[in-house]
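Novice: Below is a structure I'd like to ask you about.
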């Protein structure tokens with residue numbers, strides 16, 4: 021997925037090769053992008069070799085004979101969760117309406133909300149703290165019920181009840197993402213869809229049609245791009261009202277290629293705070309613990325090239341280079357690569373279908389893989405105490421929402 025997303029990003033950038041002046045792309049920026057890809061591929065090869073040849077071999081031989089084929093959901097727990105999540109969504113919407121931001125339409129409300137939460141240090145009072153905590157349950161349920169749905173779908177053990185129980189929670193999470201003016205949540209969820217479905221399908225079916233799977237993946241991605249473009253005005257991106265589909269998507273997906281180069285040539289770095297852009301969550305925690313770390317905005321500067329607004333998404337490399345230089349980029353990329361490749365290959369060798377909880381979490385953490393060409397989520401979001409909270413909520417929901425697991429050869433009564 022990492023390489024695929026960068027290929028897509030580079031492809032959209034190539035469409036604007038002349039208008040964005042990519043002919044003067046710096047060798048340093050090229051070294052960072054190309055070097056990051058080489059690091060990821062090399063580490064993947066090494067981790068795969070080590071895991072396949074030196075570890076877990078005995079464990080692997082013991083688990084091949086039995087695997088889970090269907091997840092049976094607890095309908096009563098799930099119905100309660102749906103009601104609770106709907107209640108949270110209603111309260112969230114009321115909090116937005118009563119925020120005093122001023123609006124004449126839903127789109128205006130979301131634009132004002134986005135402007136306040138993104139570009140103000142005093143935005144924490146718009147949404148009450150208890151709602152922000154309940155929103156974590158919305159996120160967990162969005163991923164958990166996506167996992168349960170695609171697990172059964174890929175194994176061809178899906179029933180109508182699975183759709184009725186899973187889809188409401190997925191839709192609620194999508195609505196929450198819109199009300200939070202955060203479309204990256206939707207991209208992350210789609211990335212999890214892809215991982216859950218195709219990984220399970222490839223494991224559960226010995227003779228999978230890779231060409232057909234690739235076609236489905238491409239079609240799904242195109243649909244997501246159209247949805248991403250279509251809801252831009254709803255979530256407050258009113259400045260792009262007259263922008264056509266190709267221009268808008270190429271700017272959002274491909275512009276980081278140019279913006280990273282512009283930053284390398286004209287850096288805007290602030291070394292007054294250690295790891296300011298990379299370790300946002302860690303710095304927030306240290307601030308709460310009493311360390312003298314000032315509050316600061318996470319959002320980066322907007323840039324224009326030849327009168328063309330390119331936005332402010334620079335890829336994950338921008339934050340790492342800004343805080344730690346070239347050595348930091350390659351070091352952080354190495355740690356990033358080790359985490360994801362070791363996680364995946366250990367999970368694969370121990371049996372994805374027999375370690376559903378670990379695979380569920382992998383789909384959630386894959387957000388950082390999916391968004392790497394846009395921005396860093398691994399160090400800024402996932403390296404935090406908040407991630408431990410999410411893991412605990414995932415564990416609780418996984419425990420109470422699953423009624424049973426049916427193994428191959430067993431019947432679902």
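In the working numbering, the protein residues as written are 21 to 433. C-beta atoms are modelled at their ideal positions from N, C-alpha and C, and glycine is treated no differently. All values reported here derive from a predicted model rather than from experimental measurement.
With a CB to CB cut of under 6 angstroms and the five nearest residues on each side skipped, what residues in its chain are close to residue 281?
Specialist: Reading the chain shown from its first residue, position 261 is the one you call residue 281. Excluding sequence neighbours, residue 281 sits near 45, 46, 49.
Novice: Would you please state the rounded distance, in angstroms, between the beta carbons of residue 7 and residue 386? I believe it to be under 8 angstroms.
Specialist: The chain is shown only over 21 to 433; residue 7 falls outside these bounds and no answer can be derived.
Novice: Determine the direct distance from the alpha carbon of residue 136 to that of residue 154, and round the result to whole angstroms.
Specialist: Stepping through the chain shown from its first residue, residue 154 is reached at position 134. Stepping through the chain shown from its first residue, residue 136 is reached at position 116. Going from the Cα of residue 154 to the Cα of residue 136 covers about 21 angstroms.
Novice: Taking a contact to mean a Cβ-Cβ separation below 8 angstroms, would you say residue 185 touches residue 108 in this structure?
Specialist: Taking the chain shown and counting its residues from 1, one reaches residue 185 at position 165. Taking the chain shown and counting its residues from 1, one reaches residue 108 at position 88. Not closer than 8 angstroms, so no.
Novice: Taking buried to mean at least 16 other C-beta atoms within 10 Å of its own C-beta, is residue 327 buried or exposed?
Specialist: By one-based count along the chain shown, residue 327 stands at place 307. With fewer than 16 Cβ atoms within 10 Å of its Cβ, residue 327 is classed as exposed.
Novice: Which partner residues does residue 117 have in the DSSP bridge list?
Specialist: Counted from its first residue, the chain shown places residue 117 at position 97. According to DSSP, which records beta bridges pairwise, residue 117 is partnered with nothing at all.
Novice: Give the single residue among 111, 291, 169 whose Cα lies nearest to the Cα of residue 149.
Specialist: As a first step, residue 149 must be located in the chain shown, where it is residue number 129. The candidate whose alpha carbon is nearest that of residue 149 is 111.
Novice: Going straight from the alpha carbon of residue 364 to that of residue 418, what length do you get?
Specialist: The residue labelled residue 364 in the question sits at position 344 within the chain shown. The residue labelled residue 418 in the question sits at position 398 within the chain shown. C-alpha separation (whole angstroms): 20 angstroms.
Novice: With which residues is residue 93 paired in a DSSP beta bridge?
Specialist: Start at 1 with the first residue of the chain shown, and residue 93 comes out as number 73. Residue 93 pairs with 422.
Novice: Buried or exposed: where does residue 131 fall if 16 or more other Cβ atoms within 10 Å of its Cβ makes it buried?
Specialist: Here residue 131 corresponds to residue number 111 of the chain shown, with the count starting at 1. Buried is the call here.
Novice: Residue 402: which of 305, 309, 104, 372 sits nearest, CA to CA?
Specialist: Numbered from 1 along the chain shown, position 382 holds the residue referred to as residue 402. Checked all of 305, 309, 104, 372; the closest Cα to residue 402 is 305.
Novice: Among the candidates 183, 26, 28, 59, whose CA atom is the shortest distance from the CA of residue 350?
Specialist: Taking the chain shown and counting its residues from 1, one reaches residue 350 at position 330. Ranking 183, 26, 28, 59 by Cα distance to residue 350 puts 59 first.
Novice: In the DSSP assignment, find the unbroken alpha helix (DSSP H) run with residue 151 in it and report its ends.
Specialist: Start at 1 with the first residue of the chain shown, and residue 151 comes out as number 131. Run containing residue 151: 149-174, per the alpha helix (DSSP H) assignment.
Novice: Over the uninterrupted alpha helix (DSSP H) stretch that includes residue 330, give me the two end residues.
Specialist: Residue mapping note: residue 330 aligns to position 310 of the chain shown, counting from 1. No alpha helix (DSSP H) contains residue 330, which is instead part of the beta strand (DSSP E) from 328-331.
Novice: Expressed to the nearest angstrom, what Euclidean distance is found between the alpha-carbon atoms of residue 33 and residue 102?
Specialist: Here residue 33 refers to the residue found at position 13 of the chain shown. Here residue 102 refers to the residue found at position 82 of the chain shown. Those two C-alpha atoms are separated by around 41 angstroms.
Novice: I need the boundaries of the beta strand (DSSP E) containing residue 347, first residue and last residue.
Specialist: In the chain shown, residue 347 corresponds to position 327, counting from 1. For residue 347, there is no enclosing beta strand (DSSP E); the residue is found in the alpha helix (DSSP H) stretching over 336-370.
Novice: With residue 184 as the anchor, note down where its alpha helix (DSSP H) starts and where it stops.
Specialist: The residue you call residue 184 lines up with position 164 of the chain shown. Unbroken alpha helix (DSSP H) run through residue 184: 180-199.
Novice: Assuming residue 334 and residue 279 form a contact by the criterion Cβ under 8 angstroms, report the distance between their Cβ atoms to the nearest whole angstrom.
Specialist: Position 314 of the chain shown holds residue 334. Position 259 of the chain shown holds residue 279. Taking the Cβ atoms as the reference, residue 334 lies roughly 5 angstroms from residue 279, within the contact range of under 8 angstroms.
Novice: Could you work out which residue in 129, 165, 372, 23 is closest to residue 190 when comparing CA atoms only?
Specialist: The sequence position of residue 190 within the chain shown is 170, counting from 1. Just measuring C-alpha positions, the residue of 129, 165, 372, 23 sitting nearest residue 190 is 165.
Novice: Do you know whose CA, among 71, 68, 325, lies nearest residue 37's CA?
Specialist: The residue given as residue 37 occupies position 17 in the chain shown. The candidate whose alpha carbon is nearest that of residue 37 is 325.
Novice: Could you give the DSSP three-state label for residue 37: helix, strand or coil?
Specialist: Mapped onto the chain shown, residue 37 falls at position 17. Of the three classes helix, strand and coil, the one that applies to residue 37 here is coil, per DSSP.
Novice: CB-CB under 8 angstroms to residue 244, same chain, minus the five flanking residues each way: which ones, in chain order?
Specialist: Indexing the chain shown from 1 puts residue 244 at position 224. Scanning its chain for C-beta atoms nearer than 8 angstroms, with the 5 sequence neighbours on each side dropped, one finds around residue 244 the residues 206, 207, 210, in chain order.
Novice: Whose C-alpha, out of 413, 181, 344, is nearest the C-alpha of residue 99?
Specialist: Numbered from 1 along the chain shown, position 79 holds the residue referred to as residue 99. The shortest Cα separation from residue 99 among 413, 181, 344 belongs to 181.
Novice: In the DSSP output, which residue or residues are listed as bridge partners for residue 324?
Specialist: Stepping through the chain shown from its first residue, residue 324 is reached at position 304. DSSP, once it has assigned bridges, lists 329 as partnering residue 324.
Novice: Inspect the CB distances between the stretch 388-402 and the stretch 289-298 and report whether three or more fall short of 8 angstroms.
Specialist: Judged by Cβ distances under 8 angstroms, the stretch 388-402 makes contact with the stretch 289-298, as three or more pairs qualify.
Novice: Tell me whether residue 73 is buried or exposed, calling it buried when 16 or more other Cβ atoms sit within 10 Å of its Cβ.
Specialist: Position 53 of the chain shown, counting from 1, holds the residue named residue 73. Exposed, by the Cβ-count rule.
Novice: Tell me, to the nearest whole angstrom, how far the beta carbon of residue 168 is from that of residue 372; I am working on the premise that it is less than 8 angstroms.
Specialist: To locate residue 168, count along the chain shown from 1; it is residue 148. To locate residue 372, count along the chain shown from 1; it is residue 352. With a Cβ gap of about 14 angstroms, residue 168 and residue 372 do not count as contacting.
Novice: What separation, rounded to the nearest whole angstrom, lies between the Cα atoms of residue 301 and residue 43?
Specialist: Here residue 301 refers to the residue found at position 281 when the chain shown is read from its first residue. Here residue 43 refers to the residue found at position 23 when the chain shown is read from its first residue. For residue 301 and residue 43, the distance between alpha carbons rounds to 37 angstroms.
Novice: Going by CA-CA distance only, name the one from 188, 152, 323, 178 that's closest to residue 288.
Specialist: Here residue 288 refers to the residue found at position 268 of the chain shown. With distances taken between Cα atoms, residue 288 lies closest to 323.
Novice: Return the first residue and the last residue of the alpha helix (DSSP H) that residue 21 is part of.
Specialist: What you label residue 21 is simply residue 1 of the chain shown in a count that begins at 1. For residue 21, there is no enclosing alpha helix (DSSP H), as DSSP marks it with neither H nor E.
Novice: So, at 7 angstroms on beta carbons, what are the nonlocal neighbours of residue 217 in its own chain, with the 5 sequence-adjacent residues on each side left out?
Specialist: In the chain shown, the residue the question calls residue 217 occupies position 197. Cβ within range, chain order: 170, 173, 174.
Novice: Using a threshold of 8 angstroms, state whether the C-beta atoms of residue 116 and residue 204 are closer than that.
Specialist: Position 96 of the chain shown, counting from 1, holds the residue named residue 116. Position 184 of the chain shown, counting from 1, holds the residue named residue 204. No, the pair does not count as a contact, with Cβ atoms beyond the cut-off.
Novice: To the nearest angstrom, report how far apart residue 268 and residue 316 are at their CA atoms.
Specialist: Sequence index remark: in the chain shown, residue 268 carries index 248 (1-based). Sequence index remark: in the chain shown, residue 316 carries index 296 (1-based). Residue 268 and residue 316: Cα-Cα distance of roughly 28 angstroms.
Novice: Report the option in 396, 376, 395 whose CA atom is closest to the CA atom of residue 415.
Specialist: Along the chain shown, one-based indexing puts residue 415 at 395. Measuring from the Cα of residue 415, the nearest candidate turns out to be 376.
Novice: Are the CB atoms of residue 406 and residue 163 within a distance shorter than 8 angstroms?
Specialist: Walking along the chain shown from the start, residue 163 turns up at place 143. Walking along the chain shown from the start, residue 406 turns up at place 386. Result no, Cβ atoms of residue 163 and residue 406 do not sit closer than 8 angstroms.
Novice: Would residue 160 be called buried (16 or more neighbouring beta carbons within 10 Å of its own) or exposed?
Specialist: For the purposes of this step, residue 160 is identified with residue 140 of the chain shown, where counting begins at 1. By the 10 Å Cβ count, residue 160 comes out buried.
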